[in-house]
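K.L.:
Residue numbers (my numbering): 26 to 163. Heads up, the beta-carbon is just placed ideally off N, CA and C, and yes, glycines get one too. A single structure is presented below for examination.
Set out below in structure tokens:
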């Protein structure tokens, strides 16, 4: 039984690091793209009826993917990072739906939304910074 628990924890670690690093690299060109890129990304908020401050919203999406990806991978402030990423993937899904995209276009955002929601429920696992340094929130 103990071996099964260790495998579960190793699986959570692998999932957390793999997805966290992937989303970090997905967001890196967005955060380094600067205000022009942020404005273009933030313009998708109009799909939610939010038509102000597109540069801010674009920066927040890029921030969520880069910094949120690092925090997710480390298991540090894990649940707040997962919430940021859930929000970002929700907006991405709404954008794809509003454009009439098919599953091949929106599937990635949907997959990540499900992963981040499941991770929010399970927590980061025992091999995480939260578990080591902030155990009451892990």
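(1) Residue 93 and residue 113: beta carbons closer than 9 Å?
(2) With distances taken from CA atoms, which of 89, 90, 71 is nearest residue 124?
(3) Since residue 150 contacts residue 37 with CB under 8 Å, what's their CB separation in whole angstroms?
(4) Given this structure, state the Cα-to-Cα distance separating residue 48 from residue 158, to the nearest angstrom.
(5) What does a CB cutoff of less than 6 Å around residue 84 pick up in its chain, not counting 5 residues either side in sequence?
P.N.:
On the basis of the supplied data:
(1) yes
(2) 71
(3) 3 Å
(4) 24 Å
(5) 63
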